[in-house]
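Line by line, the protein sequences give chains A and B.
Counting with the working numbering, you get residues 44 to 155 for the letters of the first sequence.
Counting with the working numbering, you get residues 338 to 453 for the letters of the second sequence.
Read the structure below first, then the notes.
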Amino acid sequence: RKEVEQDPGPFNVPEGATVAFNCTYSNSASQSFFWYRQDCRKEPKLLMSVYSSGNEDGRFTAQLNRASQYISLLIRDSKLSDSATYLCAVRPISGGYQKVTFGTGTKLQVIP
Amino acid sequence: GAVVSQHPSWVICKSGTSVKIECRSLDFQATTMFWYRQFPKQSLMLMATSNEGSKATYEQGVEKDKFLINHASLTLSTLTVTSAHPEDSSFYICSAPPGGRLGGAFFGQGTRLTVV
């Protein structure tokens with residue numbers, strides 16, 4: 044089983060739609076969780092960290108479910124500019140605590 | 338915010354030659370940097386952890402003699418792909434943790450390597 048798994052998509056949604064991505068992780072001792080956005084042929088950029096209580100940043104909401112070992116990202120009122128690949132990332136609590144493991148990414152295409 | 342600069346952004350080289358990629362932390366000191374490789378439509382795969390003043394730590398399956406890593410200062414790590422082959426063609430990205438256990442990583446712009 045992969046350490047971090049995501050549905051690769053693509054998710055094709057119309058402008059204004061709400062879309063949600065899930066990501067599961069296998070290491071129950073994982074400490075930190077993140078969502079990154081990666082545009083084609085570019086480096087990933089940190090979108091938001093995911094906190095235990097859930098957190099929101101504008102149209103983006105991140106949730107963590109430790110019991111089921113998954114994190115989610117919800118995007119409301121999708122914009123064309125949201126089209127990108129969204130990577131979830133997990134940092135373990137031990138064994139090189141700064142190392143981050145990435146999922147394969149979920150591709151989002153927002154359609155006019 | 339923290340900035341990581343990577344150079345070059347793309348390079349084309351002939352089989353058998355070596356290519357050096359630089360990764361610099363511009364406004365902070367990084368005792369640790371990470372080197373990732375990403376093939377098309379695949380995830381970022383960690384290749385190695387670069388440690389300032391000591392040997393790099395390589396992930397399983399990554400040839401340390403082929404991918405030479407040097408972290409000579411607190412702001413610079415280099416990855417040299419030696420005797421490059423076409424199968425080494427990929428997107429190479431470095432990252433550095435800006436500090437703190439819970440902070441996310443900041444990435445360099447990436448280097449697209451094409452070996453012909």
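Ideal placement from N, C-alpha and C gives every residue a C-beta, glycine not left out.
{"Check": "If you drop the 5 nearest sequence neighbours on each side, which residues of the same chain put their C-beta closer than 6 Å to that of residue 348/B?", "Outcome": "356 and 450"}
{"Check": "Excluding the 5 residues preceding and the 5 following residue 423/B in the sequence, name in chain order all residues of the same chain whose CB lies nearer than 6 Å to its CB.", "Outcome": "452"}
{"Check": "If we define contact as Cβ-Cβ less than 8 Å, is residue 441/B a contact residue for chain A?", "Outcome": "yes"}
{"Check": "Can you pull the chain A residues whose beta carbon is under 7 Å from the beta carbon of residue 358/B, in chain order?", "Outcome": "The contacting residues do not exist; residue 358/B stays about 13 Å from chain A at best."}
{"Check": "Taking Cβ positions only, does residue 145/A come closer than 8 Å to chain B?", "Outcome": "yes"}
{"Check": "Taking the beta strand (DSSP E) that residue 134/A falls in, what are its first and last residues?", "Outcome": "127-134"}
{"Check": "Is the shortest distance between the beta-carbon of residue 386/B and the beta-carbons of chain A less than 8 Å?", "Outcome": "yes"}
{"Check": "Does the CB of residue 148/A have a neighbour CB from chain B at under 8 Å?", "Outcome": "yes"}
{"Check": "Kindly confirm or deny that the region 49-69 of chain A and the region 110-120 of chain A touch, where touching means at least three C-beta pairs closer than 8 Å.", "Outcome": "yes"}
{"Check": "What span of residues does the beta strand (DSSP E) with residue 393/B cover, start to end?", "Outcome": "It is not in any beta strand (DSSP E) - residue 393/B carries neither H nor E in the DSSP assignment."}
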